[in-house]
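Following UniProt numbering, the numbering of the sequence shown begins with 1 at its first residue and continues without gaps.
Idealized CB from N, CA, C, for every residue including glycine.
Quick caveat, the model's predicted, so the values are computed rather than measured.
Structure, as structure tokens:
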Amino acid sequence: MALAVRFLENAIEFQLKRKKGLWSGGNNSFLKKNPTSNSEDIQTDIYQGFKYRVHQQNGEFFVCVDLAYRYADKNTLTEILKTLPKEQWASYVLGQSFLYLNGDEWYAVKGSAIGGKIGEQPFIKDDFDGTIYDYITTKGLYANAAEPPKLSKDSLTFYHTYTKDGDKKMEGAADLAKPITLAEDGLHRLSINQPHRRFASAEFFVQKYFQNFSFAGIKLAITTVPFIQPCRIIDFPALKYANGHILDPYQSASGVRGAELYLFPKRRRKFTYNYGLLNDDEYMSQYIFVPDTMPFAMQKSIKYYFNRAMMQLDKTFRGFELMTYSMKQRPFAEKVCREFEAMVNTKQLNGSYGLFVLPQLEGNNWFSQNLHKLVKKELFDTINLKCISEKSLKRYMRSAMDTRGAKIYEVPDHKMQDFKSYQVNTLFKYLVVNRKWPYALAKDLNYDLYIGIDAHEFYAGFCFLFKNGEKIVFDIEKTAKKAGNTFRTEKVNSGLIRDKIVEVLTRHLDAGEDFPKSIVVLRDGISWGEEQKALNAAIDKLREDSKIDQSEIKLAVLDVAKSSAIPIRAAVPDQNNMLDNADAGTVVPIREGKECYIFNTGFPYKIPGSSNPIRVSLAWGDIDFDKAVDDVFAMTQLNFTAPDRASSLPLPLKLIDLIIRDVAHEYTYANVQAKEYKLLQDTMEE
1 MALAVRFLEN AIEFQLKRKK GLWSGGNNSF LKKNPTSNSE DIQTDIYQGF
51 KYRVHQQNGE FFVCVDLAYR YADKNTLTEI LKTLPKEQWA SYVLGQSFLY
101 LNGDEWYAVK GSAIGGKIGE QPFIKDDFDG TIYDYITTKG LYANAAEPPK
151 LSKDSLTFYH TYTKDGDKKM EGAADLAKPI TLAEDGLHRL SINQPHRRFA
201 SAEFFVQKYF QNFSFAGIKL AITTVPFIQP CRIIDFPALK YANGHILDPY
251 QSASGVRGAE LYLFPKRRRK FTYNYGLLND DEYMSQYIFV PDTMPFAMQK
301 SIKYYFNRAM MQLDKTFRGF ELMTYSMKQR PFAEKVCREF EAMVNTKQLN
351 GSYGLFVLPQ LEGNNWFSQN LHKLVKKELF DTINLKCISE KSLKRYMRSA
401 MDTRGAKIYE VPDHKMQDFK SYQVNTLFKY LVVNRKWPYA LAKDLNYDLY
451 IGIDAHEFYA GFCFLFKNGE KIVFDIEKTA KKAGNTFRTE KVNSGLIRDK
501 IVEVLTRHLD AGEDFPKSIV VLRDGISWGE EQKALNAAID KLREDSKIDQ
551 SEIKLAVLDV AKSSAIPIRA AVPDQNNMLD NADAGTVVPI REGKECYIFN
601 TGFPYKIPGS SNPIRVSLAW GDIDFDKAVD DVFAMTQLNF TAPDRASSLP
651 LPLKLIDLII RDVAHEYTYA NVQAKEYKLL QDTMEE
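Structure below.
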């Protein structure tokens, strides 16, 4: 059946490519050639269109259509290269996505290199022998275009590859290429659609572009009416706070169950402030590390404001100690970081915790980023840090004179509310750095232990969540193994998973805890079979070591993905019969007992635009899938870093994602040193 779905998708793709006014954005997406009106006054063209996939379920075929956006620079590659030093052209083009305007046919490509002028560059293909310019204007798609873009003989040659065939290098013109950019926050806001608009636009695209298709000589009838399906909604879990305080989401002052559910997100945060942290372990030494170039008055103010904010959040917090680090080696982040590491070792600060204030160097855009990456990665096993920036702090703090005429730094009243929000967002993340959990579930999950596993680059992350989440263990190992050549498709060797499970569960048993009767692995994305092997091998090892007996233990592996190839959305009519986001906890079944989508960001959460679901599928094991889905949703409600907001992932995967991003990147002492010397050399030559 999967083969039939693929044939059907290919047939639709072939016919869509023949539709006028569309260009292919790759991965089953098509965009209108006319940018949206939102992009008229900015330097970026915003293209709206759609993405689609064919989905087969219970013997029926569905075409899932959702909105898609691409963002391209208004300038051509030729215009951009004029602003760059020639020695930077190669690094700018290599691997960059471009929109290539090949006459009337537009499509996405990957840049490879820059060559000479197309009017001089020789080109031989089949029976053609001439220049690239001659071929483009007489033989290529450009030659027969009704409205060809402007093309000059002086345009440089643009070598590129098609995204689906990365080995075959093609010749083209820089005049016909425009860089495709990522959706930064400002651009993304311009393309947000509320559910009623999203569904109306999707219906429009189906009506305009998906009619009169055929497959194997048979006409396809694709309706514009969205599929209607009854769905169950999972109840929100009650939460446990310090000293036994319970937050019941459905409790209300009126006694009507759920009448105040809309307050649940705010109450999650309020309960933390009212009752303190569930995890009351004593804090280790806490520091605020500031650059020695920062005025002492500002250093004292930072300490004052963050001490006050932390003590409001947790009354057992004893305070930060200020400590300066040397900036003598600026603008070399690699050297500054090495000196900071030496100071940590000399002063025996290993294992302590702190806020690290990244300095602001005027006219230097790369120093703070490099230093941020280095202190988090190179000192990952040495000291536990949360970075904040001097630049951000200066948005709120202003210099002033106190009553004695001394210089101070303070936050003006009109900026205080925004500053408090900034502090709250920072400090809830800092609690995670300290392994401090604000709350847990009031009741145990259906299955005793969930183990989150994820891998990025050459790092594997593990997070063990026992029963109701009061006990959480997580760790990162530097031995993940790639599967293939892409960044995302990574697997973790079964031996590493087995050893980590045995290590953690042995400590758990040695502490006098009961052994879990059920263990479920949560794999971010797609599991590779290693998890199943590791679970079985770990149980065998623990039995061999007489740590556990022969009692039956339920084992399973769930794949959890926050994005899906199938662009599914769900909406429900509100009281005015307008489509609104499905309530958080809505479950859309795909394969009974095997796969579903959970919408976890609808009511009572307020989000801009439309809810995106997570996909949960049973990769292996004999468990009650619906109970496991209930557990996954419950774990998405453990949002420690932003208690008043919805979370896109269950906590074990969320924590790994939060921590692993600090180390799963290419910034090392050696790499940054080479980059910084190159940047400095380029600057001196300009």
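PHE62 sits in a strand when the DSSP states are folded into three classes. Within the same chain, and ignoring the five residues on either side of PHE317 in sequence, the residues whose Cβ sits closer than 7 Å to its Cβ are TYR283, MET310, MET311. In the DSSP assignment, GLN575 falls outside any alpha helix (DSSP H), carrying neither H nor E. Contact annotation: the segment 406–413 does not touch the segment 360–379, with fewer than three C-beta pairs closer than 8 Å. Buried is the label assigned to GLU390, since at least 16 other Cβ atoms lie within 10 Å of its Cβ. Collapsing the DSSP output to three states places VAL54 in a strand. Residue nearest to TRP620 within the set ASP549, ILE526, SER563 is ILE526 (criterion: CA-CA distance). Counting C-beta pairs with one atom in each stretch, the segment 450–466 and the segment 660–671 have three or more that are closer than 8 Å, which means they touch. Every beta strand (DSSP E) stretch that sits fully inside the segment 347–391 and reaches 3 residues is listed by chain position as 353–358, 384–389. ALA68 is bridged by DSSP to GLY49. Of the candidates VAL411, ALA333, GLN369, TYR241, the residue whose Cα lies closest to the Cα of ALA297 is VAL411. Non-local C-beta neighbours of ASP580 in its own chain, meaning closer than 7 Å and more than five positions away in sequence, comprise PRO195, ALA571, VAL572, ASP574, ordered along the chain. Listed as beta-bridge partners of TRP106 by DSSP are LEU101. Looking only at GLY59, LYS150, PRO179, the smallest Cα-Cα distance to GLN43 is reached by PRO179. CA-CA distance, ARG308 to GLN348, rounds to 27 Å.
Of all alpha-carbon atoms in SER518, GLN299, ASP510, GLU503, the one lying nearest the alpha-carbon of LYS627 is that of SER518. Relative to the Cα of TYR422, the nearest Cα in the group VAL672, CYS463, MET397 belongs to MET397.
Residue range 321–325 is occupied by the beta strand (DSSP E) that includes LEU322.
Exclusion of the five residues before and after PRO516 leaves ASP448, LEU449 as the residues of its chain whose Cβ lies within less than 6 Å of its Cβ. Here GLY621 is bridged, per DSSP, to ALA556. In the DSSP assignment, GLU282 falls outside any beta strand (DSSP E), carrying neither H nor E. Closest in C-alpha terms to LYS86, from the list ASP314, PHE98, GLY111, GLY115, comes GLY115. Cβ-Cβ distances below 6 Å link LYS19 to TYR209 in the same chain, with the five nearest sequence neighbours on each side left out; the list follows chain order.
Counting C-beta atoms within 10 angstroms of its own C-beta, LYS594 has fewer than 16 neighbours from the protein chains shown and is therefore classed as exposed. By the criterion of a C-beta distance shorter than 6 Å, ASP475 is surrounded in its chain by PHE462, once the five residues flanking it on both sides are discounted. Distance from the CA of GLU120 to the CA of LYS478, rounded to the nearest whole angstrom, comes to 50 Å. The straight-line gap separating the alpha-carbon atoms of TYR47 and MET401 is approximately 51 Å. Taking 8 Å as the cut-off, the Cβ atoms of VAL521 and ILE453 count as close. Non-local C-beta neighbours of LEU361 in its own chain, meaning closer than 8 Å and more than five positions away in sequence, comprise ARG330, PRO331, PHE367, SER368, ordered along the chain. Bridge partners of ASP644 according to DSSP: none are assigned.
Between the segment 70–89 and the segment 597–616 there are fewer than three C-beta pairs closer than 8 Å, too few to call the two in contact. A residue is called buried when at least 16 other Cβ atoms come within 10 angstroms of its Cβ; ASN350 does not meet this threshold and is exposed. Comparing C-alpha distances from ALA440 to each of SER39, ILE233, TRP89, ARG268 shows the shortest one belongs to ARG268.
Judged by their CB atoms, GLU676 and ALA333 are nearer to each other than the 8 Å cut-off.
For ALA511, no beta strand (DSSP E) run applies, since DSSP gives it neither H nor E. With the rule of 3 Cβ pairs closer than 8 Å, the segment 16–30 does not count as touching the segment 220–235.
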